[in-house]
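Below: the structure, in C-alpha cells.
Residue numbers (this note's numbering), protein chains in the order written: chain B, 1 to 170; chain G, 1001 to 1148.
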C-alpha cells in the first residue's frame, strides 16, 4: 500500500479519469447503435446499455469512496503503528481530520466528506432515506481536499511552513 | 486532446530516463518563470508505480500565490498522441486547470477556458498553446484573479 499522499491523490484522480473515458465510450456506443453501425454486445439489450449509462457515475462514486477509505485506513494504521487496526469510516474521517500539523481540518471540509459518505452509503445500502446526491467530480474534489490534510507526511504544510507562520508562530 | 498515435514499444528504461529528464527541465523552467511572477514554489518528489515503467519518482512543482495553490503534477510518458502528460491542478481539491502534453518535441498547454475557471466543467472554449513563460503565467493569473 502506498503511503505517499500524492500516490493516493493520483488514485482518486485516476478514478475520475476512468469514469470520463468510460462515459465517453458508452455515449459513443449508444450513438453507434442508434445509427445502426453496431449492435449491443451478445446477451444484452439496449436497456442494459441505458442502465449502464445511468448507473455509471454512481458506480464510480462507490469506487472513489473505496479508494479514499483505503487511503485513510492506511494513514491511520501508519499513525497508530498497528497494521491490523480497524475503525469505522465515520471515525476515520473525524480522527484524521484532527492531525494536520497544529491545525485541524476545517469543519466544512469534514462535513463535505461526510456528505459524500452518506450518499455512498445510500447507494450501497439502498436506504429509505436517501442522502442528497453528490456528483463524482464534486466528490473527488471534497475527498482530495481532505486527503491533502491529514497525517504527517503532507508536502503542503511543509510548503506553507516555508513561507507562512503557523498560528502559534512556529 | 492530442490525436491518437501508435503506442510506444521502446525500452521502458529508456522511456523513463527520457521522461525524467524532460520533467526535470520542465519543472526548472516553470519554476523560474513563476517565481519571476511572484509565486512561491517548492519541488517534491512523488513516488509512482507504473505497470510499464516500474517504481520511480517524478518531481511535482507546488506553486503558491495570494492563497492560491497549484500543483504541476506529472501523469505519465505513456499517453495517446503525445510523449508525456503533466496536469496542472488547483490544490487542495485537485480540480483540473490545464494539461501539458509533450508533442512534436515541445510542451503544449491545453487550457480549458470556462465561464468560471474554478468551475472546470462548464467549459465554453479550449485552446492549445506552446508552453512559454507568457502562456503559463496567463493561465495562473487567470486562476488567481478568479479566486480573489
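Positions of the beta carbon are idealized from the N, C-alpha and C atoms, including for glycine.
Nearest by alpha-carbon distance to residue i: which of the options is it?
i	options	result
residue 1141/G	1016/G, 1064/G and 1032/G	1064/G
residue 110/B	122/B, 72/B and 45/B	72/B
residue 1081/G	1107/G, 1046/G and 1012/G	1107/G
residue 1009/G	1139/G, 1071/G, 1134/G and 1052/G	1052/G
residue 144/B	58/B, 86/B, 64/B and 76/B	64/B
residue 1085/G	1068/G, 1067/G, 1105/G and 1069/G	1105/G
residue 30/B	46/B, 19/B and 20/B	46/B
residue 116/B	107/B, 95/B, 7/B and 138/B	138/B
residue 1040/G	1071/G, 1017/G and 1047/G	1071/G
residue 1079/G	78/B, 113/B, 146/B and 17/B	17/B
residue 1090/G	1026/G, 1029/G, 1147/G and 1013/G	1147/G
residue 56/B	22/B, 88/B and 148/B	22/B
residue 13/B	1134/G, 1139/G, 1087/G and 1035/G	1087/G
residue 1044/G	1134/G, 1054/G, 1012/G and 1024/G	1024/G
Starting from residue i, trace the beta strand (DSSP E) in both directions and tell me its first and last residue.
i	result
residue 1050/G	1040 to 1050
residue 1057/G	1054 to 1065
residue 1103/G	1095 to 1103
residue 1088/G	1085 to 1091
residue 1073/G	1068 to 1076
Roughly how many angstroms separate the alpha carbons of residue i and residue j, rounded to a whole number?
i	j	result
residue 1074/G	residue 128/B	43 Å
residue 62/B	residue 123/B	8 Å
residue 92/B	residue 1059/G	30 Å
residue 1110/G	residue 1019/G	19 Å
residue 48/B	residue 1092/G	38 Å
residue 1123/G	residue 1097/G	Low confidence applies here, because residue 1123/G scores a pLDDT of 44, under 50, leaving its location unreliable and the question unanswered by this model.
residue 1117/G	residue 119/B	In this predicted model, residue 1117/G has a pLDDT of only 43, less than 50, meaning its place in the structure is not dependable enough to derive any value.
residue 80/B	residue 1050/G	29 Å
residue 1153/G	residue 27/B	Residue 1153/G lies beyond the residue range present for chain G, which begins at 1001 and ends at 1148; the question has no answer from this structure.
residue 102/B	residue 1032/G	Bear in mind that a pLDDT of 48 at residue 102/B, under 50, signals an unreliable position, so the number given afterwards is only what the model happens to contain. If I take the Cα positions, the gap works out to 31 Å.
residue 146/B	residue 108/B	10 Å
residue 54/B	residue 24/B	13 Å
residue 1027/G	residue 20/B	28 Å
residue 1015/G	residue 1076/G	10 Å
So which residues on chain B does residue i lean against when the C-beta distance must stay under 8 Å?
i	result
residue 1047/G	2, 4, 6 and 7
Run down chain B in chain order and give the residues with a C-beta less than 7 Å from the C-beta of residue i.
i	result
residue 1095/G	141
List, in chain order, every chain G residue whose beta-carbon is nearer than 7 Å to that of residue i.
i	result
residue 128/B	Per Cβ cutoff of 7 Å: no residues; residue 128/B is ~31 Å from chain G at best.
residue 145/B	1092 and 1093
residue 13/B	1094
Assuming residue i is part of the alpha helix (DSSP H), what are its boundary residues?
i	result
residue 1032/G	1012 to 1036
residue 172/B	Here chain B covers residues 1 to 170 and nothing more, so residue 172/B does not appear.
residue 115/B	107 to 125
residue 1133/G	1133 to 1147
residue 136/B	136 to 147
Which runs of the beta strand (DSSP E) fall wholly inside the segment 28 to 71 of chain B and span at least 3 residues, in chain order? Under the rule that a run must span 3 or more residues, no beta strand (DSSP E) segment is found entirely inside the segment 28 to 71 of chain B.
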